[in-house]
Amino acid sequence: MKPASIACIGECMVELTQTDVLGENNSENEKFLKVNFAGDTLNTTVYMARLLKEASASQQTDIAVRYVTALGQDNFSSRMLAAWQSEGIDTRHVYSLSGKLPGLYSVNVDATGERSFHYWRSESAARSLFSDALTQDQIESIASENSLIFLSGITVAILPYESRKQLVNLLKIAKHNGSIIAFDTNHRPALWKDAEDARQWYQQILELTDIALLTFEDEQLLFNDQSVEDTLQRLEHIPELIIKRGSSPCLVKSNGEVQTVVAQKVSTPVDTTGAGDSFNGAYLSSRMLGASPVEACQAGHRLAAEVIMHRGGVIPKEVMPAL
Numbered sequence: 508m509k510p511a512s513i514a515c516i517g518e519c520m521v522e523l524t525q526t527d528v529l530g531e532n533n534s535e536n537e538k539f540l541k542v543n544f545a546g547d548t549l550n551t552t553v554y555m556a557r558l559l560k561e562a563s564a565s566q567q568t569d570i571a572v573r574y575v576t577a578l579g580q581d582n583f584s585s586r587m588l589a590a591w592q593s594e595g596i597d598t599r600h601v602y603s604l605s606g607k608l609p610g611l612y613s614v615n616v617d618a619t620g621e622r623s624f625h626y627w628r629s630e631s632a633a634r635s636l637f638s639d640a641l642t643q644d645q646i647e648s649i650a651s652e653n654s655l656i657f658l659s660g661i662t663v664a665i666l667p668y669e670s671r672k673q674l675v676n677l678l679k680i681a682k683h684n685g686s687i688i689a690f691d692t693n694h695r696p697a698l699w700k701d702a703e704d705a706r707q708w709y710q711q712i713l714e715l716t717d718i719a720l721l722t723f724e725d726e727q728l729l730f731n732d733q734s735v736e737d738t739l740q741r742l743e744h745i746p747e748l749i750i751k752r753g754s755s756p757c758l759v760k761s762n763g764e765v766q767t768v769v770a771q772k773v774s775t776p777v778d779t780t781g782a783g784d785s786f787n788g789a790y791l792s793s794r795m796l797g798a799s800p801v802e803a804c805q806a807g808h809r810l811a812a813e814v815i816m817h818r819g820g821v822i823p824k825e826v827m828p829a830l
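Here the numbering used here is used: the first residue of the sequence shown is 508, the next is one more, and so on.
What follows is the structure in structure tokens.
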């Protein structure tokens with residue numbers, strides 16, 4: 508049996524979020540931009556690293572959490588790498604590419620906590636992960652040495668066509684070697700040529716998926732699902748299927764049984780950035796530690812409820828809830 512380990516494949520970006528700072532002489536608040544490092548798969552990776560590290564002492568487990576990506580050789584890339592290592596993330600598969608830079612995005616949050624994004628990522632290093640960083644031996648190493656591999660629709664969307672094929676091949680090798688494949692479509696229309704292109708690639712990966720962590724709004728938009736029952740029926744081949752619905756209860760299908768898990772109540776969210784990513788992190792961590800799918804959903808809701816009370820995709824360590 509291979510050692511328990513998780514590999515998350517994706518992109519981390521420089522995140523700019525607006526923050527208020529009291530002006531001189533207690534004048535009106537001034538607007539500043541705070542720099543963080545985030546991205547959907549990276550957020551999930553950080554939360555898994557934190558939760559599993561906390562659990563390791565009490566449960567005598569040692570589950571490695573690895574991030575697979577490419578960075579540049581600039582100051583931001585160096586700071587990213589140091590930050591991940593300080594979280595206990597295994598960075599053996601983080602590759603440094605000359606002449607490349609990490610992507611950048613800004614988050615604008617409205618009065619209800621809903622966010623909108625602006626991206627600068629067309630030349631990001633992560634887009635070149637398969638074309639310029641990974642050899643076939645390294646692809647096979649990632650596919651064979653990890654018991655669970657997690658990726659998102661954004662992981663797929665940022666890659667050129669040939670690199671997407673290599674990613675699917677990595678997943679096929681991992682599946683053949685007995686790894687669990689976990690996938691969140693996390694659909695971002697702006698990253699795709701058109702909806703049909705996204706559907707075709709998602710369907711290829713969903714055919715290999717063991718744990719699907721989906722958002723119903725994405726399934727409505729992409730596949731015209733009129734109800735969660737439509738989604739459940741369309742993806743009945745997936746052994747473990749979670750359908751997230753924001754503040755509404757999520758649905759989880761496992762062993763042929765569908766159950767509803769109520770979300771934590773939050774009066775006024777501050778920022779919903781990272782809510783789904785944190786849910787994924789808590790869900791997968793819980794499952795790796797032996798929790799049932801329902802218990803894992805409850806853990807996901809608890810963490811997401813805390814995350815949306817803070818700005819940015821990754822919350823401070825000191826406010827992390829336990830699994």
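Heads up, the beta-carbon is just placed ideally off N, CA and C, and yes, glycines get one too.
Because the structure is a prediction, the values reported are computed rather than measured.
- For M520, the pairing in a beta bridge is given by DSSP as A545, G610.
- Minimum Cα-Cα distance from L636 among the listed residues K824, A681, D581, R671 corresponds to R671.
- Less than 9 Å separates the beta-carbon of I513 from that of I570.
- By alpha-carbon distance to A681, the top candidate from W708, A811, Y668, L655 is L655.
- Judged by DSSP in its simplified three-state form, E652 adopts helix.
- A789 is a Cβ neighbour of L558, given a cutoff of 9 Å.
- Between the alpha carbons of A811 and H625 lies a distance of about 23 Å.
- Comparing alpha-carbon positions, the option among S734, T780, L728, A719 lying closest to S761 turns out to be A719.
- Straight-line measurement puts the Cα of A664 at about 26 Å from the Cα of I822.
- When DSSP assignments are scanned along the stretch 565-631, the uninterrupted stretches of alpha helix (DSSP H) that are 4 or more residues long and fall wholly within it turn out to be 582-593.
- The straight-line gap separating the alpha-carbon atoms of S659 and N693 is approximately 6 Å.
- Taking all protein chains shown into account, N731 has fewer than 16 neighbouring C-beta atoms within 10 Å of its C-beta and is therefore exposed.
- Taking C-alpha positions only, D597 is separated from E652 by approximately 13 Å.
- One alpha carbon belongs to M816, the other to A770, and they sit about 14 Å apart.
- With respect to Q707, V614 sits apart: the two C-beta atoms are not nearer than 9 Å.
- Counting along the chain, the unbroken alpha helix (DSSP H) around K672 starts and ends at 668-683.
- Residue environment: P667 is assigned as exposed (fewer than 16 neighbouring CB atoms within 10 Å of its CB, all protein chains considered).
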